[in-house]
Amino acid sequence: MLREHQKKRRRERIFKAALALFRERGFQATTASDIAKAAHVSRGTFFNYFPYKEAVLLDYGSQLLSGLKEEALRRLARGEPRLEVLKWLWDELAEGTMREKDLLTPLFYELLNPDPLRAKAAFEALPLGDFLAELLAPLRKEGRVRQDLSLERIGRTLADLYFLTALRWAAYTPEKDLKGEMRKTLSLFLEGALAR
Numbered sequence: 051m052l053r054e055h056q057k058k059r060r061r062e063r064i065f066k067a068a069l070a071l072f073r074e075r076g077f078q079a080t081t082a083s084d085i086a087k088a089a090h091v092s093r094g095t096f097f098n099y100f101p102y103k104e105a106v107l108l109d110y111g112s113q114l115l116s117g118l119k120e121e122a123l124r125r126l127a128r129g130e131p132r133l134e135v136l137k138w139l140w141d142e143l144a145e146g147t148m149r150e151k152d153l154l155t156p157l158f159y160e161l162l163n164p165d166p167l168r169a170k171a172a173f174e175a176l177p178l179g180d181f182l183a184e185l186l187a188p189l190r191k192e193g194r195v196r197q198d199l200s201l202e203r204i205g206r207t208l209a210d211l212y213f214l215t216a217l218r219w220a221a222y223t224p225e226k227d228l229k230g231e232m233r234k235t236l237s238l239f240l241e242g243a244l245a246r
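Heads up: the sequence shown begins at 51 in the working numbering, then just goes up one per residue.
Spelled out as structure tokens, the structure:
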């Protein structure tokens, strides 16, 4: 029990040191050795907890997504309409991406990693599509979402649109308002996904 607690604390220390360095120096300029030194562990210990430095970002993205999901569920419990909660979530994703561009952009690229194991790890750490499908499921039962496509496909396609819109924004038009771009993307998607 004590050993597990120590391992958890060490992992958290490495995680916090990595995020601080990523914010201070930038993700690309920070090495695993830098993180290990800042966390007061060996480089090998860093790799025992995180097999590559992008894995730190997977944990970070997972935490952000969990927080958004909890708030979305609270809003639903208060009786907010599902489509309004979806729009709120979409805006929050855009705002968070703008605020954390330097951390989230390399995380999103991890979803496109040519190494299938790493891409799968990123996909599993960021189950946005699954949550979007869960969010839309009651609308499907009401006949407000298309019946000819699986909810899994709808949710994952919507998540892909978010990730790709965010990557395109970060790479080509960071001066634009991502929230506005994301709203246009969501509107286009909903026109095709909602039942007529």
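Note that beta-carbon positions come from the ideal geometry of N, C-alpha and C, so glycine has one too.
Under the three-state reduction of DSSP output, VAL91 falls in the coil class, being neither helix nor strand.
Counting of Cβ neighbours within 10 angstroms places TYR110 among the buried residues, the total reaching 16 or more.
By the criterion of at least three beta-carbon pairs nearer than 8 Å, the segment 222–241 is in contact with the segment 134–147. Residue pairing by DSSP places VAL106 in no beta bridge whatsoever. Rounded to whole angstroms, the gap between the alpha carbons of ARG61 and SER116 is 19 Å. Looking at LEU167, LEU208, LYS151, PRO224, the one whose alpha-carbon comes closest to that of GLY76 is LYS151.
THR223 and THR155 have their alpha carbons spaced roughly 13 Å apart. By the CB criterion at 8 Å, ALA169 and LEU161 fall inside the cutoff.
Taking the CA atoms as reference points, GLU120 sits about 18 Å from LEU108. Taking the Cβ atoms as the reference, THR235 lies roughly 5 Å from LEU211, within the contact range of under 8 Å. For ARG73, the CB contacts under 8 Å within the same chain, skipping 5 residues up- and downstream, are ASP152, LEU153 in chain order.
Annotation: LEU118 to ASP84 spans about 31 Å, alpha carbon to alpha carbon. In the three-state DSSP reduction, PRO131 falls in the coil class, being neither helix nor strand.
In this structure, the alpha-carbon of ARG63 lies about 6 Å from that of ALA89. Restricted to the segment 139–167, the alpha helix (DSSP H) segments that are unbroken, complete and at least 4 residues in length are 151–160, listed in chain order.
Counting of Cβ neighbours within 10 angstroms places LYS103 among the buried residues, the total reaching 16 or more. At the C-beta level, GLY179 and ARG206 come within 8 Å of one another. Taking the Cβ atoms as the reference, LEU217 lies roughly 23 Å from ALA122, outside the contact range of under 8 Å. In this structure, the straight-line span from the alpha carbon of LEU114 to that of ALA171 is close to 16 Å.
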